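Everything below concerns the one structure shown next.
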Amino acid sequence: MKILIIEDEKDMLQNMQDTLVKQGYIVESASDLDSAISKVGVYDYDCILLDINLPDGSGMDILNFLKKNDKTEGVIIVSARNSLDDRIRGLNTGADDYIAKPFHMAELNARVKALLRRKNFEGSDLLKIGNLCIDSEKHTSTTQHGEMELNRKEFDILTYLATNQDRLVSKSALAEHVWGDHIDQADNFEFIYSQIKNLRKKLKEVKADIEIKAVYGIGYKLTLS
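Structure follows, in structure tokens:
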């Protein structure tokens, strides 16, 4: 899962980033409105943590940009402004949640997990496709024939493909989602093929009735077999 933190307070940004990286998320950051707009205009995120009070403008402009461009990122407003008016304005503009500074990092982590459950797993920790059950909280993938032993990247790839079931996911989108936006500097995506090959083998071992289809030169699609 990929998260963007838009925050201009360096210590706060570092604490948030360290906390979320420890949870296994891909975390990127922006400290002003211009760089934030640049990132959300080019890349997709599962969750955006958005400070309203930025040095060169308002975080509300980010919400308006997302709405105007039909982007579906989940947004949690993170701001010292805890008045009811600011909260209502943010939620009405498209934010999914609001957390006021100061806050405990454990609460932030809980809010992020809750948003991701709502966005990707329809409010549950579990995603079921055929006989495969993916648990986002426990990071497990099982069928009645056993549990798949997946590393972090394999689990993230499987989850991303599963939440985009029957949709073609390009190699670049998959790489960016799992490895971060710096991956656009890669010369090729052979490392993805290696992970997909391992996933197919492990799906077969637990007799999962899903398959990962390759669309030559473009990407992959997860479907029921």
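Residue numbering for the sequence shown follows the UniProt record's numbering, beginning at 1 and increasing consecutively. Cβ atoms here follow ideal geometry from the backbone N, Cα and C, with glycine treated the same way. Here the structure is a predicted model, which means the values were calculated and not measured.
Here's a check: name, in chain order, each residue in its chain whose Cβ is nearer than 8 Å to the Cβ of Gly130, leaving out the five neighbours to either side. Ala208, Asp209, Ile210, Leu224, Ser225
Could you tell me the alpha carbon to alpha carbon distance between Phe65 and Val40, rounded to whole angstroms? 9 Å
Give the straight-line distance between the Cα atoms of Leu4 and Asn198, rounded to the nearest whole angstrom. 29 Å
Taking the alpha-carbon of Thr159 as reference, which of Glu147, Leu174, Gly146 has the nearest alpha-carbon? Leu174
Going by C-alpha to C-alpha distance, which of Ser170, Val178, Lys204, Arg200 sits closest to Tyr216? Ser170
Quick one: which unbroken beta strand (DSSP E) runs of 3-plus residues sit fully inside the UniProt domain "OmpR/PhoB-type" (124-224)? Chain order, please. 126-129, 132-135, 140-143, 210-215, 219-224
Rounded to the nearest angstrom, what separates Gly90 and Ala214 at their Cα positions? 41 Å
Using the Cα positions of Ile48 and Trp179, report the straight-line distance between them to the nearest angstrom. 17 Å
Considering only the alpha carbon of each residue, which of Asp125, Thr163, Glu205, Ser79 lies closest to Glu147? Glu205
Who are Glu28's beta bridge partners in DSSP? Leu4
Which term fits Arg74, buried or exposed, when burial requires 16 or more other beta carbons within 10 angstroms of its beta carbon? Looking at the sequence itself, residue 74 is Gly, so the reference to Arg does not match. By the neighbour-count rule (16 or more Cβ atoms within 10 Å), Gly74 is buried.
Sequence ranges, beta strand (DSSP E) only - wholly within the UniProt domain "Response regulatory" (2-116), length at least 3: 2-6, 26-30, 47-50, 74-79, 97-100
Tell me, to the nearest whole angstrom, how far the beta carbon of Ala162 is from that of Ile192; I am working on the premise that it is less than 8 Å. About 16 Å; that fails the 8 Å criterion.
With 16 other CB atoms within 10 Å as the buried threshold, where does Gly59 fall? buried
heavy atom of the ligand FMN below 7 Å from Thr143 C-beta: As for the ligand FMN, it is missing from this structure, which has no ligand bound.
Straight-line Cα distance separating Gly94 from Leu6: Per the sequence shown, the amino acid found at residue 6 is Ile instead of Leu. Cα to Cα, Ile6 sits roughly 16 Å from Gly94.
Alpha-carbon to alpha-carbon, Ile37 and Leu50: 12 Å
When the Cα atoms are used, what is the spatial distance from Leu168 to Lys113? 26 Å
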